[in-house]
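Top line first, the protein sequences correspond to chains W, F, B and D. Sequential numbering of the first sequence, starting at 1, is according to full-length UniProt numbering. Sequential numbering of the second sequence, starting at 1, is according to full-length UniProt numbering. Sequential numbering of the third sequence, starting at 1, is according to full-length UniProt numbering. Sequential numbering of the fourth sequence, starting at 1, is according to full-length UniProt numbering.
There are 4 protein chains.
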Amino acid sequence: MSELRISGDLVADENARRGDALRSDYEALGANLVRRGIDIEAVTAKVAQFFVAVPSWGVGTGGTRFARFPGIGEPRGIFDKLDDCGVIQQLTRATPAVSLHIPWDKADPKELKAKAQALGLSFDAMNSNTFSDTPDQKHSYKFGSLSHVDAAVRAQAVEHNIECIEIGEAIGSRALTVWVGDGSNFPGQSNFTRSFERYLASMGDIYKALPDNWRIFSEHKMYEPAFYSSVVQDWGTNYLIASTLGEKAFCLVDLGHHAPNTNIEMIVARLIQFGKLGGFHFNDSKYGDDDLDAGAIEPYRLFLVFNELVDAEHRGVKGFHPAHMIDQSHNVTDPIESLISSANEIRRAYAQALLVDRQALSGYQDDNDALMASETLKRAYRTDVEPILAEARRRAGGAIDPVATYRASGYRQKVGKERPAVKGGSGGIV
Amino acid sequence: MSELRISGDLVADENARRGDALRSDYEALGANLVRRGIDIEAVTAKVAQFFVAVPSWGVGTGGTRFARFPGIGEPRGIFDKLDDCGVIQQLTRATPAVSLHIPWDKADPKELKAKAQALGLSFDAMNSNTFSDTPDQKHSYKFGSLSHVDAAVRAQAVEHNIECIEIGEAIGSRALTVWVGDGSNFPGQSNFTRSFERYLASMGDIYKALPDNWRIFSEHKMYEPAFYSSVVQDWGTNYLIASTLGEKAFCLVDLGHHAPNTNIEMIVARLIQFGKLGGFHFNDSKYGDDDLDAGAIEPYRLFLVFNELVDAEHRGVKGFHPAHMIDQSHNVTDPIESLISSANEIRRAYAQALLVDRQALSGYQDDNDALMASETLKRAYRTDVEPILAEARRRAGGAIDPVATYRASGYRQKVGKERPAVKGGSGGIV
Amino acid sequence: MSELRISGDLVADENARRGDALRSDYEALGANLVRRGIDIEAVTAKVAQFFVAVPSWGVGTGGTRFARFPGIGEPRGIFDKLDDCGVIQQLTRATPAVSLHIPWDKADPKELKAKAQALGLSFDAMNSNTFSDTPDQKHSYKFGSLSHVDAAVRAQAVEHNIECIEIGEAIGSRALTVWVGDGSNFPGQSNFTRSFERYLASMGDIYKALPDNWRIFSEHKMYEPAFYSSVVQDWGTNYLIASTLGEKAFCLVDLGHHAPNTNIEMIVARLIQFGKLGGFHFNDSKYGDDDLDAGAIEPYRLFLVFNELVDAEHRGVKGFHPAHMIDQSHNVTDPIESLISSANEIRRAYAQALLVDRQALSGYQDDNDALMASETLKRAYRTDVEPILAEARRRAGGAIDPVATYRASGYRQKVGKERPAVKGGSGGIV
Amino acid sequence: MSELRISGDLVADENARRGDALRSDYEALGANLVRRGIDIEAVTAKVAQFFVAVPSWGVGTGGTRFARFPGIGEPRGIFDKLDDCGVIQQLTRATPAVSLHIPWDKADPKELKAKAQALGLSFDAMNSNTFSDTPDQKHSYKFGSLSHVDAAVRAQAVEHNIECIEIGEAIGSRALTVWVGDGSNFPGQSNFTRSFERYLASMGDIYKALPDNWRIFSEHKMYEPAFYSSVVQDWGTNYLIASTLGEKAFCLVDLGHHAPNTNIEMIVARLIQFGKLGGFHFNDSKYGDDDLDAGAIEPYRLFLVFNELVDAEHRGVKGFHPAHMIDQSHNVTDPIESLISSANEIRRAYAQALLVDRQALSGYQDDNDALMASETLKRAYRTDVEPILAEARRRAGGAIDPVATYRASGYRQKVGKERPAVKGGSGGIV
C-alpha cells in the first residue's frame with residue numbers, strides 16, 4: 001500500500017525524454033572505462049547498492065542564529081517529514097532510511113513503522129537532543145547535559161538517551177548518535193578534566209542500556225554552541241570515548257566539525273585503522289559547521305574521504321561497515337532538492353573512488369612517484385560518472401534527473417496548499 | 001529626576017569597604033609609574049574620559065542557532081533595556097550611551113529621550129536590521145536586502161535604513177551602522193560583481209539621506225549567516241564602500257568578523273592611515289564571530305588594537321574619533337555583569353596602551369631592536385592597571401567593584417519578579 | 001635553429017599510440033557537448049590560445065626551512081633552466097614564456113634572447129629579490145627592504161628593482177612583479193603606518209622608472225617570512241598600493257597567500273570590478289603558502305577562480321588582461337613533470353569554465369535558484385575535458401600525454417649526466 | 001672551575017642599581033597578595049625551582065626557506081653553543097639544562113660533560129634528526145624516514161635514534177624526543193595506513209632500545225615540511241603512538257604545531273588525564289609553526305596552558321612531571337636575548353598560574369558562575385609578577401634585569417671578535 005506522492009507515470013515520462021542521451025553517454029563512458037580496464041557494469045552495480053540516510057530534520061528549512069526564512073510547505077511533523085523523505089527515496093533510490101531526532105520526531109512507533117513501510121523507508125540511527133530545552137523538561141541544559149556539574153541534570157540526559165534507544169528498538173533502528181553541545185564560553189568556566197570524567201560516566205550509563213546488536217556513535221565538534229571549549233572537541237577525544245566505552249562504541253565524523261585546514265581523510269584512515277570509525281554526517285563547509293550541501297564547496301575532499309572508504313573495503317578491513325548519514329541545513333533551497341542533490345553527490349564521490357586503479361596507486365606509492373600517485377586519484381576523480389549514477393537510479397525505478405522530475409511533479413506546490421504557511425523570524429538576537 | 005535602580009547608599013557602602021585596599025594599591029602603582037616617568041593622575045584622568053557604548057540587544061540573553069537559554073528578568077522591551085543599561089552606567093561610569101537596534105527598539109522618540117535622560121544616558125549609533133524578516137514586512141530578506149536582485153526588496157531595505165536615520169535624528173544619535181547578512185551559500189548562487197554593484201547603489205541612496213553631521217559605518221564580516229560568500233566580506237571591500245560613498249562614510253571593525261589568524265591591529269592601522277576608521281564593535285572570539293566578552297580570550301590582541309588607537313591619538317591624526325561600541329552575545333552569564341566586565345576590560349586595554357613609552361618604542365623601531373620594542377609593549381601591558389580603573393570609577397560616582405556591588409544590590413532578583421519568565425527553546429533546528 | 005631537446009619523432013610516436021583513444025574520447029565529448037549547445041571546436045580553439053608562464057626558479061627542486069633534497073640533473077644556471085622550460089613548452093604548448101628572477105637569472109640579455117628564441121620561448125614578468133641577501137650586497141635586508149627604516153637600504157632595494165626593469169626591457173618583458181618579505185616578528189617591532197608610508201614611497205620611485213608600456217604587479221602575502229605582520233599582508237593593502245601608484249600598477253594574486261578559509265574567487269572578482277587585477281601566481285595549498293602543484297589539493301577552487309576570469313571575458317570588461325604565471329615549489333617531484341602537469345591543470349580549469357552555461361546561470365541568479373546555479377557550475381566542472389586539452393596540445397605539436405612522453409624521452413637521465421649532482425642539506429636550522 | 005663568561009661583579013653592580021626599585025615593588029606586591037590570602041614568599045620559592053631547558057640550536061640565528069640573516073658571533077659548534085647557554089643560565093637561573101640535537105651537536109661525551117659542568121649546565125632530552133640529510137648518509141630522507149616505504153631507510157633512521165639514546169646515556173640525558181618530517185605533498189602519495197604502520201614499527205624498535213629510566217617523547221605537527229599530510233599530524237595520532245608503544249612513551253606538545261584556533265590547553269588537560277603528557281616545546285605563533293618567542297603573541301594562551309599544569313600539580317596527579325623545553329627560531333633578535341626573555345615569560349606564566357585561587361575557581365565552576373570563574377583566572381593573570389621573577393633570579397645569583405645586564409656585559413661583541421662572521425643567503429629558493 002504505497003503512499004508515494006509522485007506518480008510512477010510521471011517518472012517514466014521524464015525518464016523517457018532523457019533515455020537516449022543517457023544511453024549514449026553511458027556507452028561512451030563504458031568504452032572509455034574499458035580502455036582503463038574497468039567494467040562499467042560492475043561499478044554501476046556497486047553504486048546501486050550504496051545508500052545514505054536522510055535526517056528527518058533536513059527536510060525542514062534550516063536557519064542561523066540571525067534568522068530563519070521558511071519555505072512553502074514546511075513539514076508540520078514527523079509524518080509530513082516522512083512523506084518528504086519518501087519523495088527523495090522514490091526519485092534517487094539512494095536514501096531508503098531516515099534518521100530520527102527525539103523529541104521532535106516522537107510518535108507512536110507502530111504508526112511510524114507503518115508509515116515508513118508504506119513509503120518504502122526504514123529507520124537509521126536515532127539522535128538524542130540535550131543541546132536545547134523542551135518546554136516540559138525539569139532541568140535545563142543551559143550549562144551542559146551529560147557533563148553537567150549537577151548529577152540530576154546528567155541523570156535526566158542519560159534517561160533521555162535511553163528513551164531514544166527504546167524508541168529506536170521499537171522501530172527497527174540499530175544505532176544511537178550522541179552529540180552534545182556541552183562546553184564553555186570562558187576560560188575557567190569548566191574544569192576540562194572533571195567535565196570529561198562526568199561525560200564518560202554518563203556515556204557509560206547509556207552504554208549499559210545499549211542492546212547487544214546496537215552501536216553507539218559519539219560525535220565530536222570543535223566549537224558551537226560553546227565558543228571557548230567543547231567537551232568532545234576533536235577525534236582524539238572522540239577516540240578516547242569510544243575506546244573507554246567498549247566494542248559497541250564508535251566515532252562519528254561530521255565533515256564540518258573540524259579545525260580549519262584539517263586533513264579529514266587522514267582522520268578517517270586513523271579511525272579505520274584503530275577499528276573505531278562509526279560513520280559520517282555528510283555535508284560541506286567553507287568556514288565552520290556551515291552544514292552546506294555535500295560536495296558543494298570542496299568536492300575533491302569528499303572524494304578523498306571516499307577514497308579511504310573504498311580502500312578499506314578493498315583491503316577487506318574486518319568489521320568495517322560505517323554508517324552514512326547526511327546532516328545539512330538547507331537555508332536557501334528547497335530541502336527536498338538539496339537532499340536529492342546531496343545524495344547524488346555522495347554517490348558520485350563513491351563511484352569516482354571505485355574507479356581508482358588501486359594496484360597502480362600502490363605501485364606509485366612504493367616508488368615514491370608522487371606525481372603519478374596524485375594523477376591516479378585525479379584521473380578517477382575527473383571522470384564524469386553522472387551516467388553511472390543516472391543509470392543506477394533508472395534501473396532501480398528512480399529518476400534519471402531527479403531534481404527536474406521533482407520540479408515537474410509539482411510536489412512542493414501541492415504540500416504548500418496542504419501545510420499552513422509558517423512565519424520566519426529572528427533567532428536568539430545576537 | 002533620576003530613575004536609577006541601585007541606591008547610591010549601597011554603592012557608597014560597598015566602596016567604603018574597598019577604599020583602603022584601593023588606596024594602597026593605587027599608591028603603590030603610582031610609585032612604580034613615577035619610576036617609569038608616568039604620572040598616574042594623568043592616566044586616571046584620561047581613562048575617566050574614555051567611554052564605550054552599550055548595545056540595547058546586549059542586555060538580553062543571547063543564543064545560538066541550536067538554542068537560547070533565557071535568564072531571569074529578561075527585559076521586555078526597550079524601556080526595560082534602558083533600565084538595565086542605566087545600571088551598567090551607574091556602576092561603571094564608562095557606558096553613558098546606548099546603541100539602538102531598529103525595529104526592536106522602536107518607540108516614541110520623546111519617551112526614549114526622557115527615559116534616557118532620567119537614567120543619565122544618551123544614544124549612540126543606530127543599527128538597522130535587514131538580516132531577518134519582521135512579521136509586517138512586505139518583501140523577505142531571505143535572498144538578500146541591499147544587494148537583492150529585486151529592486152523592490154532593495155528599496156524596502158533602503159527605506160528601512162532611512163527610517164533608522166530619522167529615528168536617530170529625533171533622539172540625538174549621529175551615526176548609522178549598516179551590517180547586512182547578504183551573501184550566498186553556494187558557488188554560483190550570486191554574481192559577486194552584480195551583487196556588489198547593487199549594494200553600492202543602495203548604500204548610495206542611504207548616504208544621500210544622511211544628515212551632514214552624521215556618519216555612516218559599514219561593517220564587514222567574513223561569513224555567517226551566508227556560508228559561501230558575503231557581500232561585505234572583509235576590510236578591503238569595506239574600504240571600497242567607504243571610499244566610493246564619500247567623506248561621511250567609514251568602516252566599522254568588529255573584532256570577531258575576520259579570517260582565522262588575521263592581524264586585526266594592522267587593519268586598524270591601515271584604516272586610520274587612509275582616513276576610514278569609523279569605529280569598533282568590541283567583543284572577543286576564539287573561532288568565528290563568537291561574540292564573547294571583550295578581553296576574555298585574547299586580551300593582548302585587544303591591547304594591541306588600543307595600542308594603534310593611542311598611537312594615532314599621540315600622533316594627532318586629523319579627524320580621528322572612532323566610535324567605541326560593544327557587540328556581544330551573553331549566553332551563559334547575566335548580561336549586565338558581562339557588559340560591566342567588558343566595559344572594564346576595554347578601559348583596561350586603553351589604560352595599558354596609555355602606559356606605552358612611545359618615545360622609547362619609536363627609538364627601538366628605528367634601531368631594529370625587535371626584542372626591546374616587544375618588551376616596551378609587554379611592560380605596559382603587564383602593568384596591573386585595575387587600581388586606575390577602580391579609582392576612575394570611584395571618582396565619577398561608580399563602584400570600585402561594580403560586579404560585586406551589582407550582586408549586592410539584588411537588581412536581578414528584583415527585575416526577575418517584575419518581568420515575566422521567558423521560555424527558551426531551540427533555534428531553527430540545524 | 002631549434003635547441004629543443006626532445007626529438008619530434010618521439011613525440012609523434014608517442015602520440016600515434018594514443019591517437020585512436022583520443023579521437024574516440026574527443027568525439028564522445030563533442031557529442032555530449034552538442035546536446036548542451038556547445039561547439040567543442042570553439043572550446044578547443046580557445047584553450048589552445050591560453051598560456052601560462054613558467055617561473056625560472058620552478059625547474060629547480062624546492063625546499064623548506066628544514067631541508068632541501070635535490071633531484072638529479074638540477075639546472076646549474078639560467079641557460080639550463082631555459083632548456084628545461086623549453087621541454088615543458090615543447091610538450092604542453094601551453095607555456096611559451098618564462099618569468100625570470102634577478103639576481104639568480106642575470107646573464108647577457110642578448111644571449112638570453114637568443115637562447116629563448118631557439119627554444120621557442122619568450123620572457124614574461126621580471127621578479128626582483130629583496131627578501132634575501134646576495135654576497136656582494138652593501139646593505140642587508142634582514143630588517144626589510146622597500147620599507148626599511150634606513151633610507152640607504154630602501155634606495156638599494158629601489159635600485160635593484162629598477163635594474164630588473166632594465167634587464168626586462170632588454171629581453172622583451174613588459175612587467176615587474178614585486179614581492180617583499182618586509183614585516184615583523186614581534187608586536188611593536190615595526191610601526192605599521194610608518195612602514196607602509198616608506199613602502200609606498202619606495203614603490204613610487206620604482207613606478208617612476210617604469211616604461212609606459214609596462215605594468216607593475218604588487219603581490220600580497222599574509223605571512224612568511226615575517227610571522228607577526230607583513231607590510232603587504234592582504235588584497236586590501238594591495239589595492240591601496242595599486243590605486244596609490246597609478247594606472248600601470250596592479251595587484252597580483254598568489255593562490256596560497258591568503259588567510260585560512262578565504263574566498264579567493266571573490267577577491268578576484270573585486271579586483272576585476274575595480275580595475276586592479278594584474279594577474280596570478282598559480283599553485284595550490286592546504287595550510288599556508290605551501291606552493292603545491294596547481295589543482296592538486298582543491299581543484300574546484302581553481303575552477304571557481306577561472307569562472308570569474310571567463311565571466312569577465314564574457315562581459316567584455318575593459319582593459320582585462322591578467323598575467324598567468326605559475327609559482328610552485330617542487331620538493332618531491334621532478335620539477336619538469338610538475339610544471340607540465342600544472343600547466344595542464346590550469347588549462348583544465350579554464351576549459352571547464354568555458355563550458356559554464358552563462359545565460360542559464362544568470363537566469364538562476366535572477367531567480368534566486370541557488371541549487372540550479374550551483375548545479376550549472378558543477379555540471380561544467382565535472383565534465384572531463386581532458387580530450388580537449390590533449391587535442392589542443394596535439395594540434396599545436398605537443399604531446400597527447402606529455403608526462404609519459406617526457407619520461408619516454410629520458411631527458412632527466414640525460415641532463416643527470418651533463419649536470420653535476422648537488423648535495424642537499426638542512427636549511428637555516430629551526 | 002667555572003667558565004662563565006660574564007663577571008659576577010658586573011651582575012652584582014647591575015643588580016645593585018636596581019635593588020631599591022625591586023624591593024619596593026616586591027613589598028607592594030606582597031602586600032597586595034596578602035590581601036588575597038597569598039604568601040609571596042611561597043610563590044617566589046616555587047618559581048625559583050621551575051626550570052626550562054634551552055635547545056642547543058636556539059642560540060644560532062634561525063631562518064626561513066627564503067633566507068637566513070646571521071647575526072654577529074654565531075656559535076661555531078656545540079662548545080660555543082654551550083658557552084651561550086651558560087650565559088643564559090648565569091643571568092636567568094631558570095635554564096640549567098640544554099637539549100642537544102644530533103648530528104649537529106655530536107662530540108666527545110666526556111668533553112661535553114666537562115664543559116657543561118664548568119658552566120653549571122646539564123643535559124635535557126636528546127633530539128634526533130631524520131628530517132634532513134647529512135653529507136655522509138647512505139639513504140636519503142627525501143621521502144620519509146621512520147615511515148619510509150624502504151626498510152633500509154627505516155633501519156637507518158631507527159639506528160640514528162638509537163645512537164642518540166647512546167650519546168644521551170653517556171652525558172646524563174634521560175629522554176629522547178622524536179620529531180619526523182614524514183608525510184606527503186599530494187593526495188595519493190602516501191597510504192596513510194601503511195605509513196603509520198611502518199612508523200609504529202620503527203618506533204617500536206627504538207622503544208626497545210630505550211633504557212628503563214628513560215622516556216621517549218613523540219612530537220606531532222599539523223604540517224611542514226610536508227604540506228598535504230603528516231604522519232604524526234595531531235595529538236590524536238600522538239596519543240595512539242604513546243599508548244601503542246608503552247608506559248615509557250609520552251606525547252610532546254609544541255605550542256605552534258596545531259590547527260588554527262585549536263584549544264591547546266584542552267589537549268594538555270586530556271593528555272594529563274590519560275597519563276600521556278610528556279612535555280612541551282614552548283614558543284609562540286600567530287599563523288603556523290612560527291617559532292616566535294614564548295609569550296610574544298598570545299601570552300594569555302601560555303598562561304592557560306600553565307593553569308592546567310598547576311592544576312594537575314595541585315590535584316597531585318600521579319606520575320606528573322612534564323619536561324619543559326623551549327623550541328624557537330630567532331630570526332631578528334640576538335638569540336641569547338630571546339632565550340633569556342622567553343625563559344622569563346615561561347616562568348611568568350607559571351607564577352601567574354600559581355596565583356589562581358583554586359578553591360574559589362572550583363566553587364564558581366560548581367555554581368556555573370562563568371563570569372567569576374573567568375575573572376578568577378584573569379585576576380591571577382593580570383597580576384604583575386615581575387618582582388617575583390626578578391627576586392627569584394636575584395636570590396639565585398642571577399640578574400634582576402638579565403637582558404640589560406647581558407647588554408652591559410658586551411658578551412655579543414666579544415664573541416663577535418672570536419667567532420668568524422658567517423654569510424647569510426637564500427634557502428632553497430621557493
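Backbone N, C-alpha and C define an ideal beta-carbon position, used for all residues, glycine too. Only a predicted model underlies this, so the values are computations on that prediction, with no experimental measurement involved.
- Of all residues in the region 206-224 of chain F, the ones placed with a Cβ closer than 8 Å to any Cβ belonging to chain W are 222, 223, 224, in chain order.
- Taking 8 Å as the threshold, the shortest C-beta distance from residue 31(B) to chain W falls below it.
- Residue 266(W) carries a helical assignment under DSSP once its states are collapsed to helix, strand and coil.
- If you compare the alpha carbons of 293(D), 379(D), 347(D) with that of residue 299(F), the shortest gap goes to 379(D).
- For residue 55(D), the pairing in a beta bridge is given by DSSP as 99(D).
- In the three-state reduction of the DSSP assignment, residue 63(D) falls in the strand class.
- Using a Cβ-Cβ cut-off of 8 Å, residue 260(W) counts as an interface residue toward chain F, since at least one Cβ of chain F sits closer than that to its own.
- Taking 8 Å as the CB threshold, residue 131(W) lines the interface with chain F.
- Closest by C-alpha distance to residue 355(F), out of 109(F), 4(F), 304(F), 213(F), is 304(F).
- Under the three-state reduction of DSSP, residue 192(F) is assigned to helix.
- In this structure, residue 96(D) sits near residue 122(D), with a CB-CB distance shorter than 8 Å.
- Along the region 326-352 of chain F, going in chain order, the ones with a CB nearer than 7 Å to a CB of chain W are 329, 331, 332.
- Residues of chain D with a Cβ closer than 7 Å to the Cβ of residue 291(F) do not exist; the shortest Cβ-Cβ separation is about 14 Å.
- The CB of residue 376(D) comes closer than 9 Å to the CB of 188 in chain W, given here in chain order.
- Residue 135(F) counts as exposed, since fewer than 16 other beta carbons sit within 10 angstroms of its beta carbon.
- Going by DSSP, residue 289(B) is part of no beta strand (DSSP E) at all; its letter is neither H nor E.
- A buried status is given to residue 390(W), since no fewer than 16 other beta-carbon atoms sit within 10 Å of its beta-carbon.
- One finds 234, 236 in chain D with Cβ atoms closer than 9 Å to the Cβ of residue 235(W), taken in chain order.
- Taking the Cα of residue 291(B) as reference, the smallest distance to any Cα among 404(D), 228(D), 33(D) is reached at 228(D).
- Measuring C-alpha to C-alpha distances from residue 345(D) to each of 412(D), 386(D), 361(D) identifies 386(D) as the nearest.
- Burial check for residue 213(F): the Cβ neighbour count within 10 Å stays below 16, so the residue is exposed.
- Judged by DSSP in its simplified three-state form, residue 372(W) adopts helix.
- Using beta-carbon distances, residue 287(D) counts as an interface residue toward chain F, with a partner under 8 Å.
- Taking every protein chain shown into account, the CB of residue 319(F) has fewer than 16 other CB atoms within 10 angstroms, so this residue is exposed.
- In the three-state reduction of the DSSP assignment, residue 250(W) falls in the strand class.
- Going by DSSP, residue 342(D) is part of no beta strand (DSSP E) but of the alpha helix (DSSP H) stretching over 335-354.
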